[in-house]
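Chains A and B, in that order, give the protein sequences. Each residue of the first sequence is one higher than the one before, counting from 836 in this note's numbering. Each residue of the second sequence is one higher than the one before, counting from 297 in this note's numbering. Just below is one structure, and these are the notes that go with it.
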Amino acid sequence: MSSFKLTIITPEGTAFENEVESLVAPGSQGFFGILAHHAPMVANLKLGTLTLTQGGQAKYFVIGNGVLEVSDNEVSILAGQAHLAHSFEEAQETTKTTEEVF
Amino acid sequence: MPSLKEFDVKLASLKNTRKMTKTMQMVSASKLRRAQEAQKNASRFAGRIQALTSKLAASIESASHPLLTRRQPVRNVLIIVFSSDKGLCAGFNNNLSKFVSTWIDEHPSQFGAIDLSFCGRRGFSFFKNRASIKDHYEDVTNKPDFGSAYKIAQDITALFLENNYDEIYIAYNVFKNALTQTPTLKQILPVEPQIIEGGTALSHSYIFEPTAKEILEDLLPKSVTFQLHYTLLENAAGEHGARMTAMDNATNNANKMIDHYTLLRNRARQAAITTEMIEIVSGAEALR
Numbered sequence: 836m837s838s839f840k841l842t843i844i845t846p847e848g849t850a851f852e853n854e855v856e857s858l859v860a861p862g863s864q865g866f867f868g869i870l871a872h873h874a875p876m877v878a879n880l881k882l883g884t885l886t887l888t889q890g891g892q893a894k895y896f897v898i899g900n901g902v903l904e905v906s907d908n909e910v911s912i913l914a915g916q917a918h919l920a921h922s923f924e925e926a927q928e929t930t931k932t933t934e935e936v937f
Numbered sequence: 297m298p299s300l301k302e303f304d305v306k307l308a309s310l311k312n313t314r315k316m317t318k319t320m321q322m323v324s325a326s327k328l329r330r331a332q333e334a335q336k337n338a339s340r341f342a343g344r345i346q347a348l349t350s351k352l353a354a355s356i357e358s359a360s361h362p363l364l365t366r367r368q369p370v371r372n373v374l375i376i377v378f379s380s381d382k383g384l385c386a387g388f389n390n391n392l393s394k395f396v397s398t399w400i401d402e403h404p405s406q407f408g409a410i411d412l413s414f415c416g417r418r419g420f421s422f423f424k425n426r427a428s429i430k431d432h433y434e435d436v437t438n439k440p441d442f443g444s445a446y447k448i449a450q451d452i453t454a455l456f457l458e459n460n461y462d463e464i465y466i467a468y469n470v471f472k473n474a475l476t477q478t479p480t481l482k483q484i485l486p487v488e489p490q491i492i493e494g495g496t497a498l499s500h501s502y503i504f505e506p507t508a509k510e511i512l513e514d515l516l517p518k519s520v521t522f523q524l525h526y527t528l529l530e531n532a533a534g535e536h537g538a539r540m541t542a543m544d545n546a547t548n549n550a551n552k553m554i555d556h557y558t559l560l561r562n563r564a565r566q567a568a569i570t571t572e573m574i575e576i577v578s579g580a581e582a583l584r
């Protein structure tokens, strides 16, 4: 499966930077998925769970609201915060207790 | 001449001082490294968000937002002063406080009212009895995090939008290096147009969700928050840099004084021995 580069940047540093195969992000208008070679796009994100697949393995991040940009098969996410979670359920739980900082 | 004992007491206290200043210098050096690291991390975010904002602004017809609108005439002004919580960092806080009070003295007639808000205890205690104070955010400069910047940003954006203030400034020390920090006053609200100008428009094939205008409107308050966060980081780096330099000087001075007093002490010791020998010799002479 072809992959693309994903960078998650927060004011506290770079939370993630690697090749991934897919991601599902919490857009302000609802969740959306991105695969490799997506059309260029800019989207708002709200606080929620970001799911990504890296080498067939799913990873979950709780991200604070921010903005996502797709261009040239590269996705960069600028978010107020990003925390790695071990499972989807844990990410959902953390989302509920996380305070919005952006 | 003071006795040997008095010199020893003095020397012991000087050595204690040296130990303390040396330790503070080393602690500040390591804190400075961490603060600079945090600043470096944040600068990547800064570059990206700035680029995106200007690209978006160039992509839409006209960018208008309450946070961008200049008000004429400007009556009420708020200055947020960033200083450190602790002292012992040479002129770091004092220079800034004096800079701000000079600025206030120079612009009395232009504005109806100049209020001050504070991050950091030192600036607050300087102005406590001299100026009208709006807010004092405690415990934010010691450990700069994004949450406190967000809180301040929300407060000042609300104050600005409710027409309590027509312009809001931040006063802080620009961190050049560990030796130099320059006091600066910068406008933060309304948002300076150069933040959104100078971008090349995104091509038409871009998908926006929601519209480009809405994304931009959402990004502007964020850039205010981020600017405050960055200022907090810069303030922390400056504080540790200034303290490191100040403590280095203090250690050098303590060393100089220790050398000087050791010399005096040895002189006193020798004088005491000489006196004693003369006494013995003349005693023996008298017995003959």
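Heads up, the beta-carbon is just placed ideally off N, CA and C, and yes, glycines get one too.
{"Item": "Rounded distance between the beta-carbons of B/Y468 and B/T480, thought under 8 Å", "Value": "6 Å"}
{"Item": "DSSP beta-bridge partners of B/C415", "Value": "B/F378, B/Y433"}
{"Item": "Segment limits, alpha helix (DSSP H) that includes B/H525", "Value": "508 to 583"}
{"Item": "Closest by C-alpha distance to B/F407, when choosing among B/P369, B/L392, B/S380", "Value": "B/P369"}
{"Item": "Residue-level contact to chain B via CB, A/V859, 8 Å cutoff", "Value": "no"}
{"Item": "CB contact below 8 Å: B/F442 versus chain A", "Value": "yes"}
{"Item": "Segment contact flag, the stretch 900 to 919 of chain A with the stretch 876 to 883 of chain A, C-beta cutoff 8 Å, min 3 pairs", "Value": "yes"}
{"Item": "Touching by the beta-carbon criterion (3+ pairs, under 8 Å), the stretch 536 to 549 of chain B and the stretch 380 to 396 of chain B", "Value": "yes"}
{"Item": "Alpha carbon of B/Q450 to alpha carbon of B/T521, nearest angstrom", "Value": "8 Å"}
{"Item": "Touch test, the stretch 507 to 522 of chain B against the stretch 416 to 424 of chain B, Cβ-Cβ under 8 Å, three pairs minimum", "Value": "no"}
{"Item": "Option in B/S350, B/S499, B/N551, B/R417 with minimal Cα separation from B/N438", "Value": "B/R417"}
{"Item": "Cβ contact check for the stretch 882 to 901 of chain A and the stretch 913 to 923 of chain A: 3 or more pairs under 8 Å", "Value": "yes"}
{"Item": "The stretch 495 to 528 of chain B: positions lying closer than 9 Å to chain A by Cβ", "Value": "L498, S499, S501, Y502, I503, F504, E505, P506, A508, E510, I511, D514, L515, P517, K518, T521, F522, H525, Y526"}
{"Item": "Residues near B/A342 by beta carbon distance below 8 Å, same chain, minus five either side", "Value": "F522, Y526"}
{"Item": "Three-state secondary structure (DSSP) of B/L455", "Value": "helix"}
{"Item": "Contact residues within the stretch 343 to 361 of chain B, judged by C-beta distance below 8 Å to chain A", "Value": "R344, I345, L348, L352"}
{"Item": "Residues near A/E856 in its chain [Cβ-Cβ closer than 6 Å; skip 5 each side]", "Value": "M836, S838, T888"}
{"Item": "CB contact below 8 Å: A/T940 versus chain B", "Value": "Outside the displayed span of chain A (836 to 937) sits residue 940 of chain A, for which this structure offers no information."}
{"Item": "B/R530 burial status per 10 Å Cβ neighbour count (16 or more: buried)", "Value": "Strictly speaking, residue 530 of chain B in this sequence is Glu, with Arg absent from that position. Under this definition B/E530 is a buried residue."}
{"Item": "Cα-Cα separation, A/E852 to A/S911", "Value": "9 Å"}
{"Item": "Contact set between the stretch 868 to 891 of chain A and chain B, restricted to residues whose Cβ is under 8 Å from the partner", "Value": "A874, P875, M876, V877, A878, N879"}
{"Item": "Partners in chain B for A/S844, counting only beta-carbon separations shorter than 8 Å", "Value": "According to the sequence displayed, residue 844 of chain A carries Ile and not Ser. Chain B residues near A/I844: R340, F341, R344."}
{"Item": "Distance, B/T349 Cα to A/K931 Cα", "Value": "29 Å"}
{"Item": "Closest residue to B/P298 among B/A564, B/I356, B/V377 (Cα-Cα distance)", "Value": "B/A564"}
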